[in-house]
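Since the structure comes first, as structure tokens, the remarks are kept for the end.
Numbering (this note's numbering), first residue to last: 247 to 451.
Structure (structure tokens):
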């Protein structure tokens, strides 16, 4: 997966609570098995009307929100289901980090496993960040190494699980992280099968 170290980009505020995965990625986009085309599905029913026409009033369709890279969201974002497509769609659209007071557990796991940075701030931090956006360019910088968000004149520190941070900095999903121990795994296999040769013989039958 793509690593995340430091990134500057535009942030869009979606403060509604409980935005669920049905809203983030409607079920019509769950049919594919190759993960492609999900940028179109992101917030599809908010972005397009029933005739498929673009809704110009939708936040991410505003001219000043082009190339949005971050979302500032309300509580319990990503609730409702385990669909990983929601996270895939975010990344394919270009969203690299989401900031909120809390996220649904499975959504958070999916995000961590696919390189989408989730940042949890307390309500005071969220309010500080939200307050500076109208008077700013809407651009913020997130530095994962320093664990800081810089928006205009303010800088906000954030905490993150050390293992999630390490995986994002290195761009390693669970498989990639496991493969960093390939030599140790191979060494263990050799020693274990040398002590238990009947397992090799049984597997060969």
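Just so you know, even glycine gets a beta-carbon here, dropped at the ideal spot from N, CA and C.
DSSP state of residue i, grouped into three classes?
i	result
residue 374	helix
residue 425	helix
residue 446	helix
residue 291	helix
residue 265	coil
Thinking residue i and residue j are a contact (beta carbons under 8 Å), I'd like their distance in whole angstroms, please.
i	j	result
residue 311	residue 256	6 Å
residue 363	residue 343	4 Å
residue 323	residue 341	In fact, because the Cβ distance is near 12 Å, the residues do not count as touching under 8 Å.
residue 259	residue 385	Actually they do not touch by this definition, with Cβ atoms about 13 Å apart.
residue 404	residue 352	Rounded, the Cβ-Cβ distance is 21 Å, inconsistent with contact.
List the DSSP bridge partners of residue i.
i	result
residue 314	256
residue 341	Per DSSP, none; premise fails for residue 341.
residue 394	389 and 403
residue 469	The chain is shown only over 247 to 451; residue 469 falls outside these bounds and no answer can be derived.
residue 365	345
Can you tell which of the options has the C-alpha that lies nearest to the C-alpha of residue i?
i	options	result
residue 280	417, 334, 294 and 429	334
residue 348	330, 371 and 331	371
residue 406	391, 441 and 374	391
residue 377	296, 440 and 402	402
residue 411	327, 434, 295 and 360	360
residue 261	321, 421 and 425	321
residue 303	375, 415, 292 and 272	292
residue 307	332, 415, 373 and 289	289
residue 331	325, 356, 318 and 297	356
residue 318	263, 416, 300 and 432	263
Would you kindly work out how many angstroms separate the C-alpha atoms of residue i and residue j, rounded to a whole number?
i	j	result
residue 284	residue 345	21 Å
residue 354	residue 247	16 Å
residue 267	residue 400	32 Å
residue 270	residue 409	26 Å
residue 252	residue 398	16 Å
residue 451	residue 443	13 Å
residue 430	residue 249	24 Å
residue 294	residue 435	54 Å
residue 446	residue 276	41 Å
residue 313	residue 286	15 Å
residue 393	residue 368	15 Å
residue 419	residue 388	21 Å
residue 438	residue 428	15 Å
residue 309	residue 338	19 Å
residue 272	residue 327	11 Å
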